[in-house]
Amino acid sequence: MRRKLFYIIIVLFVTACDNISCPLNNTVECKYTFCDEDGTAISIADTLTVTAIGTDSVIINRLVNGSSMSLPVSFYAPADTIILTFTDTLSRQATDTIWMEKTSTPHFDDPSCPIHMWHTISAVSSTHSLIDSIVILNTAINYDGLENIQIRFITD
Amino acid sequence: MALRIFRYALLLISLPIAIQAQTITEQPKKARLFGIAVGADFVGATMKLTGCDWSQMEVFGRLAFRDRFFPIFEMGLGEADHEGRELDNHFHTRAPYFRIGVDYNISKNHNGNRFLLGLRYGFTAFNYDITSDTNLEDPVWGTSLPVNYSGLNGSAQWLETVIGLETRIWTIVRVGWDMRFKFRISQHTDEIGAPWYVPGYGKNASGSTWGGTFKLIFDI
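These protein sequence lines map, in sequence, to chains A and B.
For the record, in the first sequence the residue sitting at position 133 is 133 according to the working numbering, with numbers rising by one throughout.
Each number in the working numbering corresponds to the 1-based position in the second sequence with 1000 added.
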């Protein structure tokens, strides 16, 4: 009996090591998917470049045949303004703007892990140069990586 | 140094077993009908004195029926002051916790030694702080704000299964230790994130964890 207890104690001491469990999948981006007016998934043949108001960064540069895109979300602004510029093979350009209103909350896992910002989409709208409509599929932007917004393009 | 601490820890833990072995030959005595005991845990106090990131100072009151059933009430003060590795994120909390439960002595001899199996229900309500010396910076838009979230509300309930030994070392004085497997029933935390430590439960990395006590007990 005492021998068993001794072994139990040894095992407990050995397994009492500290560990940190930071999530490996910790990318927080808003995922947009591209569809036609009926909601059927499509690819965009035109070259797509994405910029945003408030930053000089080109968020997506010359995406071709894309069927979806994942964009960062601002940490502190109440709404993001995303500009989509489409360029066809004849170098003709068309531009649409998407406004996404959201609330942002810091997310804490462990003091040894970086703090990330999670977001909740409250409303979304767009211009209608090439976009027919825009639909919220999932309001939560977090580690899950689910589709958040569906962009329905005019395909006629 | 670590080996020396490990040896001393093993020596302390095995003390009740050794004493039990020495006294096992004593004549069985008739169990007392009723008793009251109070005591304190020394693991949490040792953790605090040695500068651990978290600790819990704990006392308890216990009834005894026929040296068999031991309804027990435990209360303590849990605190944590932890900074992340390589990051300066900081977690802090300090709050009381409570446990109620019962131990059952499976030892057949009423000679002062007890082999206890038990169950506890624990609960706590607490505030916690998450702060950082570094601002949380938006890498794309370039804006940043300080990380300073204080007074976040949390609460938790959990169950503990207990296995322990204790023995009388002098008239009304006993020592004992136990190991506990704890599993969380529920927790409510702020939307920012779950606390790194829950008072009374321990480090909050998962829905279950291990704990233990080394107790000094006074029969009154």
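The beta carbon of each residue, even a glycine, is placed where N, CA and C say it ideally should be.
Treat the numbers as computed from the prediction; the structure is a model and nothing was measured.
Item	Value
Which residues share a DSSP beta bridge with Met-1075 of chain B?	B:Val-1059, B:Phe-1098
Can you give the Cα-Cα distance for Gln-1056 of chain B and Thr-1093 of chain B, rounded to whole angstroms?	11 angstroms
Considering only residues of the same chain and omitting the five flanking positions on each side of Gly-1212 of chain B, which have a CB-CB separation below 8 angstroms?	Val-1043, Trp-1177, Asp-1178, Met-1179, Arg-1180
I need the straight-line Cα distance from Gly-1035 of chain B to Lys-1182 of chain B, nearest angstrom please.	28 angstroms
Tell me, please, which residues DSSP counts as bridged to Trp-1158 of chain B.	B:Gly-1122, B:Arg-1184
Using the Cα positions of Thr-1025 of chain B and Tyr-1104 of chain B, report the straight-line distance between them to the nearest angstrom.	With a pLDDT of 49 at Thr-1025 of chain B, under the threshold of 50, the modelled position of that residue is not reliable, and no figure is offered here.
Please classify Leu-163 of chain A: is it buried, with 16 or more other beta-carbons within 10 angstroms of its beta-carbon, or exposed?	Outside the displayed range of chain A (1 to 156) lies residue 163 of chain A, so it cannot be described from this structure.
Can you pull the chain B neighbours of Pro-23 of chain A, defined as C-beta to C-beta under 7 angstroms?	Within 7 angstroms Cβ-Cβ: nothing; Pro-23 of chain A doesn't reach chain B, min ~11 angstroms.
Would you kindly report the start and end of the unbroken alpha helix (DSSP H) that includes Leu-1049 of chain B?	1043–1049
For a cutoff of 7 angstroms on Cβ pairs, would you count His-107 of chain A as touching chain B?	yes
Ignore the nearest five residues each way along the sequence and tell me which others in Leu-1033 of chain B's own chain have a CB closer than 8 angstroms to its CB.	Phe-1065, Arg-1066
Distance, Cα to Cα, Val-1173 of chain B vs Ala-1095 of chain B?	29 angstroms
Who are the neighbours of Tyr-1083 of chain B on chain A, taking C-beta pairs under 8 angstroms?	Per the sequence presented here, residue 1083 of chain B reads as Glu, with Tyr not at that position. Ordered by position in chain A, the residues that pass the 8 angstroms Cβ test against Glu-1083 of chain B are Pro-111.
Which partner residues does His-119 of chain A have in the DSSP bridge list?	A:Ser-104, A:Ile-141
Select from the region 36–59 of chain A all residues with a C-beta closer than 8 angstroms to any C-beta belonging to chain B, and list them in chain order.	Ala-52, Gly-54, Thr-55, Ser-57, Ile-59
Taking all protein chains shown into account, decide if Asp-56 of chain A is buried (16 or more other Cβ within 10 angstroms of its Cβ) or exposed.	exposed
For the beta strand (DSSP E) containing Val-73 of chain A, name the first residue and the last one.	Element bounds for Val-73 of chain A: n/a, residue is neither H nor E.
Once DSSP output is grouped into helix, strand and coil, what is the label at Trp-1177 of chain B?	strand
For Cys-1126 of chain B, which residues of its own chain have a beta-carbon under 6 angstroms away from its beta-carbon, when the five flanking residues on both sides are left out?	First, the amino acid is wrong: residue 1126 of chain B is Phe here, not Cys. Thr-1093, Ala-1095, Gly-1154, Pro-1199.
Give the residues of chain A in contact with Ile-1106 of chain B, contact being defined as C-beta atoms less than 8 angstroms apart.	What Ile-1106 of chain B touches in chain A: nothing, since even the nearest Cβ is about 12 angstroms away.
Using the C-alpha atoms, what's the distance from Asn-65 of chain A back to Asp-1133 of chain B?	44 angstroms
Relative to the C-alpha of Glu-1086 of chain B, which residue among A:Pro-78, A:Ser-112, A:Ser-125 is closest?	A:Ser-112
Return the CA-CA distance between Ser-122 of chain A and Asp-144 of chain A, expressed in angstroms with no decimal places.	18 angstroms
Step through the CB atoms of chain B and report whether any lies within less than 7 angstroms of the CB of Pro-78 of chain A.	no
Use the C-beta contact count for Thr-1167 of chain B: other C-beta atoms within 10 angstroms, 16 or more gives buried, fewer gives exposed.	buried
Start and end of the beta strand (DSSP E) containing Gly-1200 of chain B?	Unbroken run through Gly-1200 of chain B: none, as it is neither H nor E.
Just to check my reading of the structure: Gly-1164 of chain B and Leu-1116 of chain B have Cβ atoms closer than 8 angstroms, yes? What is that Cβ distance to the nearest angstrom?	5 angstroms
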